[in-house]
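Participant:
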Amino acid sequence: MKEILLSALACPKCHGQLQYDANNQQLICQTDNLVYAIKDNIPILLECEAKPLNQSSSVQE
Numbered sequence: 099m100k101e102i103l104l105s106a107l108a109c110p111k112c113h114g115q116l117q118y119d120a121n122n123q124q125l126i127c128q129t130d131n132l133v134y135a136i137k138d139n140i141p142i143l144l145e146c147e148a149k150p151l152n153q154s155s156s157v158q159e
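Heads up, this note's numbering is the position in the sequence shown plus 98, with the first residue counted as 1.
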């Protein structure tokens, strides 16, 4: 995902910053502990489509 696009995206629930997980093709909101999928290079930023963040799949920085 391009950096310019990533910098423009925000969590639809809290409007916070999202982390990009390239390995799993998903965006992660650490504040709400939610994961948003990316399908066909399109982020699915719908709160009803988000999945809970598992600690084992969190991005380590």
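Think of the CB as a built atom: it goes at the ideal place given N, C-alpha and C, for glycine as much as any other residue.
On a predicted model such as this, the values are computed, not experimentally measured, just so you know.
What do you get for I102, buried or exposed, if any count of 16 or more other CB atoms within 10 angstroms of its CB means buried?
Facilitator: Exposed.
Participant: With DSSP as the reference, label I136 as helix, strand or coil.
Facilitator: Strand.
Participant: Going by CA-CA distance only, name the one from N139, L116 and A135 that's closest to C146.
Facilitator: A135
Participant: Rounded to the nearest angstrom, what separates L107 and I140 at their Cα positions?
Facilitator: 12 Å
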